[in-house]
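Written out below as structure tokens is the structure these notes cover.
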Ligand code: FES
């Protein structure tokens, strides 16, 4: 049962991406129920530790969505995340975790379609990779 | 005492009720430790629902509440208020979104129910770790600084002053009125701009609660919304504003003559001058770079001529400090310099003018007292307007150049009934309700509008200017006496400096960027700093005035004398014991809200500046920085719930 659940934890910034996800709902777009949401004020709040913790708690993928570059509600939080996540992915790779399990992307408040698209794509990617077996690392 | 959590799952009528098995969730979570009660409700946001929620908090003696319903963007505030009214700190409530982000996107009921359950469990985990947050309020300074005395700045100033606010109006030029005061007539009413603006300017200069500082620039700003401290450099005018009565006796004897920038270089002015006749305040200024005496040469012609002893060569720049609660930037715009497009002949041939130069020719207080004349003093018989000059270079449509050109075409036909007018445009931008009519009337008056491909080329053949253009794929040319370039509007040169000073962002085009392009076009990302007029983007007078009024209104409604300002409660804080003083947070903070306490060698957060983005928290290597209401522990607890 655990195998086909493949949970994806998504960290959404309050101002753009969370609203984008709401818009997907307003438009009744579909994406798999294993995409789960944690709201943060800004993508800049996403500490690499959050990603690791999500994996530890059983997630197979982590999505981090923020405002488009230049649109961050707090000016530049998303740029900070961009650099941080880049480093994190390289570190994960060193531990044998496929970097594709972490995806950082931008979804604007109006982009319901885009949110659904990114969510669906992420589910496909993770399905291909299969569950993350942390114990093997 | 043990925690008592109340969990309330809203059915939202059929919206959630039909898509998620709410009863299953309620049943499941009821047995979780610390959950005192779990119930469903048909519509929690209704009056009845709020009443129910409040009575539950009281009756069940709840210490925490979880609400599973629609997006918190809808009713989080409402539910927080209900908690508060029932005696529960609103930050001990957690909402989770099982409608937009679950029921509405998951067609399969079992999957939706499972997802919703994970959300509710995550919220229960999280709410247990949430802490009460008390409202923070600070005293405020109700006075306001307005930078820029054009139409937007004037409207803001007067709106604020009418309500009794003290306003400091700072303008870098020696007079107020901005660009508008340099036009003769303005669209769409064809009203005389100086007549329209003069009463406002007089009002500003006379109102006791407005302090106008012309020939002045802001030099430093510290503090935050409610309490800014501003340093203003009042440049030496060398003419006493108190003693001068504006008789103008000093102009004539001054031996220096230089090009007058206020007439776009079309006239000469003296080293002691008023920008244009009727400029307010009516006190001349000495241009220290060109005044003989101030350059160390022998001359005191103006001093001798002044009957009131108003000349003061010993005048010096003064730094004035003011405390204000809010700042409105209304620093305006300028025109794109067409010299950078050499094929248009600007700066190369006589009688190739910008729209603003023609405005000055047309102005009764301008270089020709309102006569439209060629360089040789004769009236032009034919004039070509070239539209969209700089649009490609700037990358945006200014939205006002078509209209100012159409207006000028009108005025020219009235002044010179026989003049031939050619308008070369690629696209016409006539967006407002009166604009099409004005255009139609210009056509009726005989102005020709020719659609070309934007590759106009101006050359001189003998005494004439020749405009080559391409229309319907054929190359054509027309010989004219004068060419007027409808230049794009670009940010004023001071924009960048002010943005740096205040640490506020510019947009791609170099204008101040808005807090929100659609919903807060008069705000900036820095709270308490507002923008009005064309410093935010090209605008006509009506729009600039509206924005000036809006910015002032926002201040009047939020920054109220005697009332305190509520601060963002979800800010960052730094644990003194854990902070290693590495300063990572200081370099990352987009609002300069963190600074170093040199004595303790640690970082400190200024609550009044912090907006709670959490960027510093995510980067803090020792875990000393905490984000209130978004702590690591709270988020971990939430992850635990959703990841399963
Ligand atoms: S607020 Fe959306 S990324 Fe910063």
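Protein chains in written order, with my numbering: chain A, 940 to 1076; chain B, 351 to 994. Glycine included, each C-beta is placed from N, C-alpha and C at the ideal position.
CA-to-CA distance, residue j to residue i, given in whole angstroms
i, j, result
"residue 951 of chain A", "residue 1064 of chain A", "19 Å"
"residue 932 of chain B", "residue 943 of chain B", "16 Å"
"residue 360 of chain B", "residue 778 of chain B", "53 Å"
"residue 935 of chain B", "residue 961 of chain B", "14 Å"
"residue 750 of chain B", "residue 965 of chain A", "38 Å"
"residue 963 of chain A", "residue 1053 of chain A", "8 Å"
"residue 1076 of chain A", "residue 976 of chain A", "Caution applies to residue 1076 of chain A, whose pLDDT of 44 falls short of 50 and renders its modelled position unreliable; the value that the coordinates give is listed next. For residue 1076 of chain A and residue 976 of chain A, the distance between alpha carbons rounds to 26 Å."
"residue 536 of chain B", "residue 987 of chain A", "58 Å"
"residue 880 of chain B", "residue 849 of chain B", "12 Å"
"residue 496 of chain B", "residue 502 of chain B", "10 Å"
"residue 506 of chain B", "residue 705 of chain B", "27 Å"
"residue 605 of chain B", "residue 639 of chain B", "14 Å"
"residue 1042 of chain B", "residue 590 of chain B", "The structure shown has nothing for residue 1042 of chain B, since chain B only spans 351 to 994."
"residue 727 of chain B", "residue 870 of chain B", "49 Å"
"residue 721 of chain B", "residue 714 of chain B", "8 Å"
"residue 816 of chain B", "residue 806 of chain B", "10 Å"
"residue 369 of chain B", "residue 852 of chain B", "50 Å"
Buried versus exposed, by CB contacts within 10 Å (16 or more), residue i
i, result
"residue 635 of chain B", "buried"
"residue 1034 of chain A", "exposed"
"residue 846 of chain B", "exposed"
"residue 448 of chain B", "buried"
"residue 867 of chain B", "exposed"
"residue 1017 of chain A", "buried"
"residue 388 of chain B", "buried"
"residue 614 of chain B", "buried"
"residue 1004 of chain A", "buried"
"residue 844 of chain B", "buried"
Three-state class that DSSP yields for residue i in the structure shown
i, result
"residue 1035 of chain A", "coil"
"residue 650 of chain B", "coil"
"residue 956 of chain B", "coil"
"residue 757 of chain B", "helix"
"residue 718 of chain B", "coil"
"residue 810 of chain B", "strand"
"residue 875 of chain B", "coil"
"residue 958 of chain A", "helix"
"residue 380 of chain B", "helix"
"residue 785 of chain B", "helix"
"residue 1023 of chain B", "Missing from the structure shown is residue 1023 of chain B; chain B here goes from 351 to 994 and no further."
"residue 629 of chain B", "coil"
"residue 351 of chain B", "coil"
"residue 775 of chain B", "strand"
"residue 989 of chain A", "helix"
"residue 609 of chain B", "strand"
"residue 768 of chain B", "coil"
"residue 475 of chain B", "helix"
Contacts of residue i in chain A (Cβ-Cβ under 7 Å)
i, result
"residue 963 of chain B", "980, 981, 983, 984, 1013 and 1016"
"residue 875 of chain B", "1014"
"residue 938 of chain B", "1019"
"residue 421 of chain B", "961"
"residue 855 of chain B", "1014"
"residue 468 of chain B", "975"
Residue i: contacting residues in chain A (beta-carbon distance under 8 Å)
i, result
"residue 465 of chain B", "972, 973 and 975"
"residue 977 of chain B", "980 and 984"
9 Å Cβ cut-off: residues of chain A touching residue i
i, result
"residue 461 of chain B", "971, 972 and 973"
"residue 920 of chain B", "980"
Interface residues of chain B facing residue i [CB-CB closer than 9 Å]
i, result
"residue 989 of chain A", "968, 982, 985, 986 and 989"
Amino acids of chain B, ordered along the chain, whose beta-carbon sits closer than 8 Å to that of residue i
i, result
"residue 967 of chain A", "454 and 455"
"residue 1041 of chain A", "Here the premise fails: no neighbours, minimum Cβ distance about 14 Å."
"residue 1047 of chain A", "The premise fails here: residue 1047 of chain A is roughly 12 Å from chain B at the closest Cβ pair, so nothing lies under 8 Å."
"residue 997 of chain A", "993 and 994"
Within chain B, the residues that residue i reaches when beta carbons sit closer than 7 Å
i, result
"residue 948 of chain A", "989, 992 and 993"
"residue 964 of chain A", "449, 450, 451, 454 and 455"
"residue 958 of chain A", "423"
Distance cut-off 7 Å: residue i Cβ against heavy atoms of the ligand NAP
i, result
"residue 575 of chain B", "This structure lacks the ligand NAP; the ligands present are the ligand FES."
* Taking any heavy atom of the ligand FES as the mark, which residues have a C-beta closer than 6 Å to it, listed down the chain? -> That gives A:952, A:954, A:955, A:981, A:982, A:983, A:1005, A:1006, A:1011, A:1012, A:1013, A:1016 and A:1017.
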